[in-house]
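Below is one structure; the comments refer to it alone.
There are 2 protein chains.
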Amino acid sequence: MYKLRKQQTLGDVLEKMMSFPVLKIEITVPIEEAYGYYLAEDIVSDSDVPSFDRSPYDGFAVRSEDCMHADSQAPVILMVVDKIGAENICNLQIKQCEAVRIMTGAKIPDGCDAIIKIESTRVFEENGNSYIEIRKSLKPGQNISFQGEDLKQGEKLLCVGSRITTGAVALLATFGYSEIKVYKKPVVGIVATGSELLEITEKLQAGKIRNSNSYMIGAEVIKCGAIARHYGIAQDTKEEIKSVVSKMMNEVDLVITTGGVSVGDFDYVPEVFEELGAEVLCNKIDIRPGSVTTIAHVNERGGKILIGLSGNPSASFVGAVLFAAPLIKKMLGNRQPFLKQVRAVLRENINKIDPITKLVRGVIWEEDCKLHVKPTGLDKSGAVSSIAYATALIILPPQTTGYVVGDVVDILLLESVEGSENFGHTVCGI
Amino acid sequence: MYKLRKQQTLGDVLEKMMSFPVLKIEITVPIEEAYGYYLAEDIVSDSDVPSFDRSPYDGFAVRSEDCMHADSQAPVILMVVDKIGAENICNLQIKQCEAVRIMTGAKIPDGCDAIIKIESTRVFEENGNSYIEIRKSLKPGQNISFQGEDLKQGEKLLCVGSRITTGAVALLATFGYSEIKVYKKPVVGIVATGSELLEITEKLQAGKIRNSNSYMIGAEVIKCGAIARHYGIAQDTKEEIKSVVSKMMNEVDLVITTGGVSVGDFDYVPEVFEELGAEVLCNKIDIRPGSVTTIAHVNERGGKILIGLSGNPSASFVGAVLFAAPLIKKMLGNRQPFLKQVRAVLRENINKIDPITKLVRGVIWEEDCKLHVKPTGLDKSGAVSSIAYATALIILPPQTTGYVVGDVVDILLLESVEGSENFGHTVCGI
């Protein structure tokens, strides 16, 4: 049985874990595949946007001085001397009382300084010429999208570590980034330890449970944007666990185990980590569930982190989102690797008093512009139902009286794409 | 030039569009790949959870009646008669003053009705036997995870159309779902129309802009969970647009075009849709940007929707998230295909008055449990910068005085994984 059990705070553990450099491999992906990656380069505008003064409407380009006094009593008549689509350039110099039929996006012809929408004109033909009648005045610059009004050339648009969202892709394409530097998806190895575990295809037997943790963690890995590699189930013998963890250390970028980290007689994981040359950073944290989460670091092979999660489904889940996810996100270059933290109004009493920080699975909703939260399902570390329905983790620091309806609580958003750069005082070391 | 321009409300258009049956193909995926899909079957528990009374701790299983009066003055001594790991069964009938060393997750031995944590006992050896000293009383059932307390056999856990989240995967594995029925990812075809468009690898020229919309829409398609197929750029001729749209109708599940839907002389898309046998459902909607979004339906090939988005980047973006996304999500079986709608406090004045509903790109944040929102960047339909930074669309119905700081506004969350079943009065027809 492994003996080191000095309790550490969640903040200290995260800080220690995130302080190690991680393997971040720069790759280039075509823009069609860039969605969901994180930028490995700053994105800078290569031109003004718009890159020329252009028309935001289908209509007519005019000289505002011709139309300055137009109204329904004194309509102005202009002759249409050219017609340009968005891709065309008008090569004429527009003179007094002339106008150009112009499509959305087209360059403003020389001499013109305002656009009137087609709906605001009356168009007519006379002697083979085309004319428009304008019944309202126009100011210089009216209805023109000016060069650089959206973005200036050389402006920094997105910085390293930003998520490539739908909108970011629009920016990248606008500035000619057909290939984008991002960080490679790390490969995360997962093994479940425990002789009580059945494959999910097996029938339940007394004393046995199906291995759900491996698949849950695999999903979390994919959610973070990485690749999950499964190493099955290891029986509770030191030899078997050591053999598979050693193999994983050679084959993957991050090693995750479940089970075998408690104080039971068959809990070999911390010991195995040490025997494989890793330094155990923690194996008792001031949170529940997940207090026995064991994190170790090995210097070999460029430095690798080993995460030993609890075998309890809920503790394993909390460990996966609190510890494994930020590390994976850091490897992906995500500059907001921690779960987004916000505050919400508690809508159900939580009476149970704990001497350490509780992380209660909850559901959030909005009502009257406010965020509300309440616990979901059974709050025991073995409970699996509450994992499936939770959209937040409610952080409840120890206190002597419990929490009541109306209390303001900190919550971590489980389904937010946006994250946080920091966790408490822990600054992401990217 | 296409003439039909009867203005319709956003709600009416969405209702009409979502009323058509869409192609939903059921497939089976292994649990390792199920994350992010939507269920094509209800998930029911095949057993109680826990499936037997078990220990949530490492400790000792005892008979509570032996310990009922234990305290520090009158400690109770029990003899340890067996030791079981999580996978083992104790075959003894536990008698008076006996205890069993038990690991987390193991089945409670016959005769025992309480668990004491290892930390709360003193363990000692005497005459080759092992004993524990207990200094606090235990109640019947204390520290036992009872069979079925988390979930009962036969309970419906997740329903058709639910997103397969990390937590859902845990549930699926727990109940032996190694393969899961989901809906196949639809293939969405994208073509950008417009003779002013350059490939993103091309240098800018006067009067030309790079094709950013195709890539932005491609990212949105991937974000929704589907597959994007690119058909490049079509010049502004009816023949070219017709030829590519016709090809797409044969090859993809949903056709998206950008450009060519306005009232310009080269705007052929609505006409092309009709000539290809589709019924145009709308081409003028009471929203800005995106008012010219053209949606059509064709009966052939099992029924297909054609979506003609504006060529303006912001209008194209709004059209993609408001119209294309819900349709794609419906094809994926997502029972919440619309953007999540919540309310927030406006933190910047929006003075510009519009006669139709404005959809302003904004950023949201939480402060004092409240959601706040303000516009981001330049709010013109050509602006691309605001797309990249927006996390919400602010819905501003027409009014005569503008909006001021402190107003409560409806917003659509752009980055929420969770969606809404309805949009206004529009019920998702899944």
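Protein chains in written order, with numbering that gives the first Met the number 0: chain A, 0 to 429; chain B, 0 to 429. Beta carbons: idealized from backbone N, C-alpha and C, even for Gly.
Report the partner residues of residue i according to the DSSP bridge assignment.
{"i": "residue 396/A", "result": "In DSSP, residue 396/A forms no bridge with anything."}
{"i": "residue 29/B", "result": "178/B"}
{"i": "residue 7/A", "result": "284/A"}
{"i": "residue 98/A", "result": "79/A"}
{"i": "residue 115/A", "result": "59/A"}
{"i": "residue 144/B", "result": "53/B"}
{"i": "residue 130/A", "result": "78/A, 123/A"}
{"i": "residue 374/A", "result": "361/A"}
Here's a check: name, in chain order, each residue in its chain whose Cβ is nearer than 6 Å to the Cβ of residue i, leaving out the five neighbours to either side.
{"i": "residue 48/A", "result": "149, 150"}
{"i": "residue 267/B", "result": "237, 240, 259"}
{"i": "residue 36/B", "result": "163, 181"}
{"i": "residue 212/B", "result": "191, 257, 315"}
{"i": "residue 12/A", "result": "281, 284"}
{"i": "residue 144/B", "result": "49, 53, 55"}
So the candidates are the options; which of them puts its Cα closest to the Cα of residue i?
{"i": "residue 216/A", "options": "208/A, 226/A, 170/A", "result": "226/A"}
{"i": "residue 384/A", "options": "329/B, 249/B, 42/B", "result": "42/B"}
{"i": "residue 232/A", "options": "188/A, 55/A, 76/A", "result": "188/A"}
{"i": "residue 6/A", "options": "80/A, 326/A, 234/A, 292/A", "result": "292/A"}
{"i": "residue 371/A", "options": "355/A, 390/A, 353/A, 356/A", "result": "390/A"}
{"i": "residue 57/A", "options": "302/B, 61/B, 100/B, 311/B", "result": "311/B"}
{"i": "residue 359/B", "options": "339/B, 386/B, 334/B", "result": "386/B"}
{"i": "residue 60/B", "options": "20/B, 142/B, 220/B, 341/B", "result": "142/B"}
{"i": "residue 262/A", "options": "394/B, 263/B, 102/B", "result": "102/B"}
{"i": "residue 21/A", "options": "305/A, 154/A, 12/A", "result": "305/A"}
{"i": "residue 139/A", "options": "99/A, 166/A, 65/A", "result": "65/A"}
{"i": "residue 110/A", "options": "144/A, 63/A, 224/A", "result": "63/A"}
{"i": "residue 125/B", "options": "52/B, 79/B, 89/B, 335/B", "result": "79/B"}
{"i": "residue 184/B", "options": "330/B, 394/B, 410/B, 10/B", "result": "330/B"}
{"i": "residue 409/B", "options": "367/B, 357/B, 416/B, 366/B", "result": "357/B"}
{"i": "residue 396/A", "options": "361/A, 422/A, 353/A, 388/A", "result": "353/A"}
{"i": "residue 146/A", "options": "415/A, 106/A, 128/A", "result": "106/A"}
{"i": "residue 91/B", "options": "85/B, 108/B, 104/B, 100/B", "result": "108/B"}
For residue i, does the count of other Cβ atoms within 10 angstroms reach 16, so buried, or fall short, so exposed?
{"i": "residue 282/A", "result": "buried"}
{"i": "residue 0/B", "result": "Any reading at residue 0/B needs caution, since the residue's pLDDT is 46, under 50, leaving its predicted position unreliable; the model's value is listed next. Its Cβ having fewer than 16 others within 10 Å, residue 0/B is exposed."}
{"i": "residue 308/A", "result": "buried"}
{"i": "residue 200/B", "result": "exposed"}
{"i": "residue 419/B", "result": "buried"}
{"i": "residue 170/A", "result": "buried"}
{"i": "residue 167/B", "result": "buried"}
{"i": "residue 209/A", "result": "buried"}
{"i": "residue 255/A", "result": "buried"}
{"i": "residue 193/A", "result": "buried"}
{"i": "residue 252/B", "result": "buried"}
{"i": "residue 300/A", "result": "exposed"}
{"i": "residue 123/A", "result": "exposed"}
{"i": "residue 367/B", "result": "exposed"}
{"i": "residue 335/B", "result": "buried"}
Apart from the five residues on each side of it in sequence, which residues of its chain come closer than 8 Å, Cβ to Cβ, to residue i?
{"i": "residue 406/A", "result": "344, 345"}
{"i": "residue 45/B", "result": "152, 174, 175"}
{"i": "residue 178/A", "result": "27, 28, 29, 30"}
{"i": "residue 412/B", "result": "338, 339, 340, 341, 363, 390, 391"}
{"i": "residue 348/B", "result": "401, 402, 403, 404"}
{"i": "residue 116/A", "result": "56, 57, 58, 142"}
For residue i, which residues in the same chain have their Cβ closer than 7 Å to its Cβ, ignoring the five residues on either side in sequence?
{"i": "residue 76/A", "result": "130, 132"}
{"i": "residue 135/A", "result": "69, 70, 119"}
{"i": "residue 428/A", "result": "Any reading at residue 428/A must be qualified, since the residue scores a pLDDT of 45, below 50, and its modelled position is unreliable; no value is offered."}
{"i": "residue 39/B", "result": "25, 159, 180, 181, 182, 332"}
{"i": "residue 73/A", "result": "none"}
{"i": "residue 271/A", "result": "237, 240, 241, 244"}
{"i": "residue 286/A", "result": "9, 355, 356, 358"}
Minimum length 4: unbroken alpha helix (DSSP H) runs contained in the region 313-368 of chain B: Note on the region 313-368 of chain B: whole alpha helix (DSSP H) runs with a minimum of 4 residues are 324-330, in chain order.
Whole beta strand (DSSP E) elements within the region 163-192 of chain B, 3-residue minimum: 178-182, 186-192
Runs of alpha helix (DSSP H) lying entirely within the region 191-245 of chain B, each at least 4 residues, in chain order: 212-223
Whole runs of the beta strand (DSSP E) within the region 56-91 of chain A, excluding any shorter than 3 residues: 58-61, 75-83
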